[in-house]
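Notes follow once the structure below has been shown.
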Amino acid sequence: MYHLASCIFLFFISCTAPTRLISYTSRTLPIYAVDPPPQKIILLNTYNIAEKKYRDNKEELFLQLVDTMMHWAATRIHSNADINTEVIQGYTAMAGNKDSTISAMISSHNATHAIAVNSFDVYFQQTHVEVTKTNSGKEREAYYDIVTDISYALFDTASMIREKALHQSRFHSSRNVVSGLLAAGPNVVSQRDDAYRIVMQTWEEYLNYFFPGEKLHHRPVFSGKGFEAVGKALSQQDYETAMIESLRFIDDTDKQKAAKANYNCAVFMERKDQPEEAKKYLSKSLSLASLNEAKQMWIDFE
Numbered sequence: 508m509y510h511l512a513s514c515i516f517l518f519f520i521s522c523t524a525p526t527r528l529i530s531y532t533s534r535t536l537p538i539y540a541v542d543p544p545p546q547k548i549i550l551l552n553t554y555n556i557a558e559k560k561y562r563d564n565k566e567e568l569f570l571q572l573v574d575t576m577m578h579w580a581a582t583r584i585h586s587n588a589d590i591n592t593e594v595i596q597g598y599t600a601m602a603g604n605k606d607s608t609i610s611a612m613i614s615s616h617n618a619t620h621a622i623a624v625n626s627f628d629v630y631f632q633q634t635h636v637e638v639t640k641t642n643s644g645k646e647r648e649a650y651y652d653i654v655t656d657i658s659y660a661l662f663d664t665a666s667m668i669r670e671k672a673l674h675q676s677r678f679h680s681s682r683n684v685v686s687g688l689l690a691a692g693p694n695v696v697s698q699r700d701d702a703y704r705i706v707m708q709t710w711e712e713y714l715n716y717f718f719p720g721e722k723l724h725h726r727p728v729f730s731g732k733g734f735e736a737v738g739k740a741l742s743q744q745d746y747e748t749a750m751i752e753s754l755r756f757i758d759d760t761d762k763q764k765a766a767k768a769n770y771n772c773a774v775f776m777e778r779k780d781q782p783e784e785a786k787k788y789l790s791k792s793l794s795l796a797s798l799n800e801a802k803q804m805w806i807d808f809e
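Heads up: the sequence shown is residues 508 to 809, going by our numbering.
Pasting the structure below:
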């Protein structure tokens with residue numbers, strides 16, 4: 508709800524600016540194409556969490572995280588790529604050669620591919636300690652990131668296709684401490700919602716390597732001087748008219764204006780899930796002028 512409210516706030520703030528911010532999701536193409544395409548994928552965990560003998564209910568949390576995220580990933584694959592999926596819950600021991608064991612499991616489940624979780628960890632890491640002088644001495648504040656390290660492997664019936672280890676880290680919190688070296692960080696179990704969130708983001712990053720996905724965009728659209736009709740159309744959520752009004756200026760003699768018009772068209776085509784057309788307009792925009800908005804958008808296409 509907070510995220511939605513923020514988007515609405517940004518949209519209305521932009522109504523008085525030379526640009527308006529629009530939000531939408533677009534389809535993403537996989538970085539690595541799986542050939543031949545999977546017909547059915549099994550998802551399994553080959554990492555023995557119980558063997559690590561975690562304390563403070565961390566083992567229970569990790570088992571829940573892995574199983575829940577495998578189900579989430581299976582649903583996402585099926586929804587976005589129309590591929591049948593099946594989740595094998597719990598720990599799956601590998602007897603002998605891993606490739607041959609997973610190959611046999613793929614066959615026994617009438618599948619063509621498998622995704623295996625090879626390693627898994629979520630933890631808090633102290634990044635630095637700030638020391639502030641006070642009248643009574645010194646105050647120390649320790650800063651912590653939440654971190655996840657997960658390794659995945661994609662298999663077909665013959666062998667492993669590709670293994671991928673992913674690391675994600677982002678700021679979580681800070682706290683006053685007596686000594687930075689002895690400061691205990693947040694507890695993963697008590698911060699389970701944040702743990703679920705970063706693990707899901709890591710799964711999403713992994714799936715985007717091999718399967719179609721979706722990405723949320725917040726793009727500015729030029730709607731100020733010379734583009735008033737575009738702004739009027741956007742205020743009515745009439746994106747087709749906004750596109751038509753932008754098309755009027757893509758070959759304008761004013762190169763700056765033409766660049767803005769082409770950039771607008773790139774945004775509208777991306778919103779319509781037509782990335783190749785969007786890229787053409789974006790490329791033309793960048794050839795006409797160096798717009799920060801266009802350069803930022805181009806990064807997403809690289």
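We put the CB at the ideal spot given by N, CA and C, even for glycine.
The C-alpha of Gln708 lies about 10 angstroms from the C-alpha of Thr655. By the C-beta density criterion, Lys640 is exposed, having fewer than 16 other C-beta atoms within 10 angstroms. Ser681 is bridged by DSSP to Tyr650.
Boundaries around Ala785 are those of the alpha helix (DSSP H), Pro782 to Leu795, since no beta strand (DSSP E) includes it. In the structure shown, Gln708 adopts helical secondary structure according to DSSP, grouped into three states. Three or more pairs of CB atoms, one per stretch, sit closer than 8 angstroms, so the region 628-640 contacts the region 691-710. Nearest in C-alpha terms to Ala660, of all of Thr526, Met612 and Thr553, is Thr553. Contact fails between the region 600-614 and the region 531-541, because fewer than three Cβ pairs, one in each stretch, are under 8 angstroms apart. Within its own chain, the residues whose Cβ lies closer than 6 angstroms to the Cβ of Phe569, once the five positions on either side in sequence are excluded, are Ile556, listed in chain order.
For Leu528 against Ile595, the beta-carbon gap comes to about 43 angstroms, at or over 8 angstroms, which does not count as contact.
Taking the CA atoms as reference points, Tyr531 sits about 12 angstroms from Tyr746.
Annotated three-state conformation of Asn617 is coil, per DSSP. Contact between the region 758-765 and the region 571-581 is absent: fewer than three C-beta pairs spanning the two stretches fall below 8 angstroms. Within the same chain, and ignoring the five residues on either side of Ser533 in sequence, the residues whose Cβ sits closer than 8 angstroms to its Cβ are Glu721, Lys722, His724, Glu777, Arg778, Asp780 and Pro782. Shown here for Pro727: same chain residues with a beta carbon closer than 6 angstroms to its own, the five before and five after excluded, namely Thr526, Leu528 and Glu800 in chain order. Put simply, of Gln744, Asn771, Ser676 and Val737 the residue whose alpha carbon is nearest the alpha carbon of Val706 is Ser676. Here DSSP, grouped into helix, strand and coil, assigns Gln632 to strand. The Cβ atoms of Glu670 and Asn642 lie no closer than 8 angstroms to each other.
In this structure, the beta-carbon distance from Tyr788 to Ala773 falls below 8 angstroms. Pairing Thr619 with Pro545 gives a Cβ-Cβ distance under 8 angstroms. Excluding the 5 residues flanking it on each side, Trp710 has same chain C-beta neighbours closer than 6 angstroms at Met576 and Ala580, in chain order.
Only exposed fits Val685, as fewer than 16 other CB atoms lie within 10 angstroms of its CB. Across the structure, Phe756 and Ile584 are spaced so that their CA atoms are roughly 40 angstroms apart.
Within 10 angstroms of the beta-carbon of Ser794 lie fewer than 16 other beta-carbons, which makes it exposed.
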